[in-house]
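Okay, so here's the structure we're looking at.
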Amino acid sequence: MQPWKISAGLTAALAGSAFLIAGSRLEYLAPHWPAILAEHGLGLALHVVLILGGLAAAIYVTARTTGLADLGRRVDLAERSTRRGEGDPELEDALRQDEEGEWE
């Protein structure tokens, strides 16, 4: 899995969680939202975009630094190796029989 996919997914999950938690705590502002958004909507939107961008960048850098960027490739390589039966003669024989349709 690519680090940007990890970053996008985690950012969306964190933003959604924050929205759900903050939404219930900001109920008292419900009658005032039109006025707040009219006066400060652009500034709020800019701050939200910058926060999400910073969060996504931090997750991306963390994924690259910790090696999560190569994790998907490593798992894919291990899965292909296992499907070929490398290192296990019984598995290799069972996979060969499965391909040939010789089920016991």
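Going by the working numbering, the residue at position 17 of the sequence shown is 329; the numbering climbs one at a time, nothing skipped. Even glycine gets a Cβ: it sits at the ideal position worked out from N, Cα and C. Please read all numbers here as calculations on a predicted model, not as lab measurements.
From residue i to residue j, what does the alpha carbon distance come to, in whole angstroms?
| i | j | result |
| --- | --- | --- |
| A381 | A347 | 44 Å |
| L332 | A390 | 38 Å |
| G321 | E414 | 43 Å |
| D410 | R395 | 11 Å |
| E377 | S393 | Per the sequence presented here, residue 377 reads as Thr, with Glu not at that position. Straight-line Cα distance between these residues: approximately 26 Å. |
| R386 | A350 | 50 Å |
| L364 | T323 | 7 Å |
| A330 | S336 | 10 Å |
| A342 | L356 | 16 Å |
Can you name the start and end residues of the alpha helix (DSSP H) that residue i belongs to?
| i | result |
| --- | --- |
| D410 | 401-412 |
| E391 | 383-396 |
Out of the options, point me to the one whose CA is closest to residue i's CA.
| i | options | result |
| --- | --- | --- |
| K317 | A369, L338, H359 | A369 |
*Quick one: which unbroken alpha helix (DSSP H) runs of 4-plus residues sit fully inside the region 313-352? Chain order, please.*
315-337
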